[in-house]
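Notes follow the structure.
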Amino acid sequence: ATKWKMSFNVAKCKIMHIGYGNAKNEYSLNGQVLAETTEERDLGVLIDNELKFSRHIRGIVAKANRMIGLIKICFETVEEKMFLNLYNTLIRPLLEYCVQAWSPHLKKDIEILENVQRRATKLVRQYKDMEYEDRLKVLKLPKLEDRRIRGDMILTYRLIKGDEGVDYTKFFSLANIPYNLRRHSKQIARTYESQCQDIFLLKKSNRKVE
31 ATKWKMSFNV AKCKIMHIGY GNAKNEYSLN GQVLAETTEE RDLGVLIDNE LKFSRHIRGI
91 VAKANRMIGL IKICFETVEE KMFLNLYNTL IRPLLEYCVQ AWSPHLKKDI EILENVQRRA
151 TKLVRQYKDM EYEDRLKVLK LPKLEDRRIR GDMILTYRLI KGDEGVDYTK FFSLANIPYN
211 LRRHSKQIAR TYESQCQDIF LLKKSNRKVE
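Residue numbering for the sequence shown follows my numbering, beginning at 31 and increasing consecutively.
In structure tokens:
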């Protein structure tokens, strides 16, 4: 607040207690006790005190499905080129906004996200009866899970290069492995903290950058 010369609105400030064994201390700002919360939306992402994103995912899936329904109402027939324009503009951005922060690890969350694309690709009438994987091939679309992995690798690469202006060593470290024909010097060290394995920072660092 001091750096950017913008004072905090105490009424909008809340405390979220995170982690096992948290003392759940009471905090105050400008003499006013801050309210506690178990979930909060920040820049469009719903975060809870367990750092799980199932509710956030259900919310964006509902929005995307409503958009698919709206397209069905507005257009009697959707051709391939038209579908790709509509899907890439109105639907997929809902499923990928800030995805590196909440990328799912639970199978149920991965599946309900993929089901949106599965349902959306059926909008193209001539491909409706094809298998999902075949529809993706014809439409030249990757699975959403594959796009998330690709996005993770791109972000990790940019962090290591310094393009994001963030010190990546605060989030993960590189493995101390000598270069050879099977490995490279930018392999990320794996973490094994079982209680924290699903936390964003550790989850991302466990992915290899090939």
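Glycine is no exception: its CB is placed at the ideal position from the N, C-alpha and C atoms.
Assignment of Q147 by DSSP, reduced to helix, strand and coil, places it in the helix class.
By the Cβ-count criterion, T151 is buried, with 16 or more other Cβ atoms from all chains shown falling within 10 Å of its own Cβ. Of all alpha-carbon atoms in D193, K42, S133, the one lying nearest the alpha-carbon of R88 is that of S133. Secondary structure note for V129: its alpha helix (DSSP H) is the uninterrupted segment 129–132. For L116, the uninterrupted alpha helix (DSSP H) segment begins and ends at 110–116. Assigned with DSSP and collapsed to three states, L59 falls in strand.
Boundaries of the alpha helix (DSSP H) harbouring V168: 162–169, taken from the DSSP string.
With contacts defined by Cβ atoms closer than 7 Å, K102 and T67 do not form a contacting pair. The closest CA to that of A131, considering only V40, D78, G61, N206, is found on D78. Under DSSP, E66 takes part in a beta bridge, and its partners are I45. Within the model, the alpha-carbon separation for P172 versus L73 is close to 27 Å.
The C-beta separation of R148 from Y127 comes to about 20 Å, leaving the pair out of contact by the 8 Å criterion. When DSSP states are grouped into helix, strand and coil, I190 belongs to the helix group. In the DSSP assignment, D78 is bridged to E69.
By the beta-carbon neighbour count (other beta carbons within 10 angstroms, threshold 16), L59 is exposed. About 6 Å separates the beta carbon of I90 from that of L125, a gap short enough to meet the 8 Å contact definition.
Sixteen is the threshold: since fewer than 16 other Cβ atoms of the shown chains lie within 10 Å of the Cβ of D176, the residue is exposed. Linking H214 to L153 through their CA atoms gives a straight-line distance of about 44 Å. DSSP places N95 inside the alpha helix (DSSP H), whose first and last residues are 84–104. Looking at the backbone, the Cα of F202 and that of K216 are separated by about 11 Å. Close CB contacts of R212 within its chain, under the 8 Å cut and outside five residues either way in sequence, are absent.
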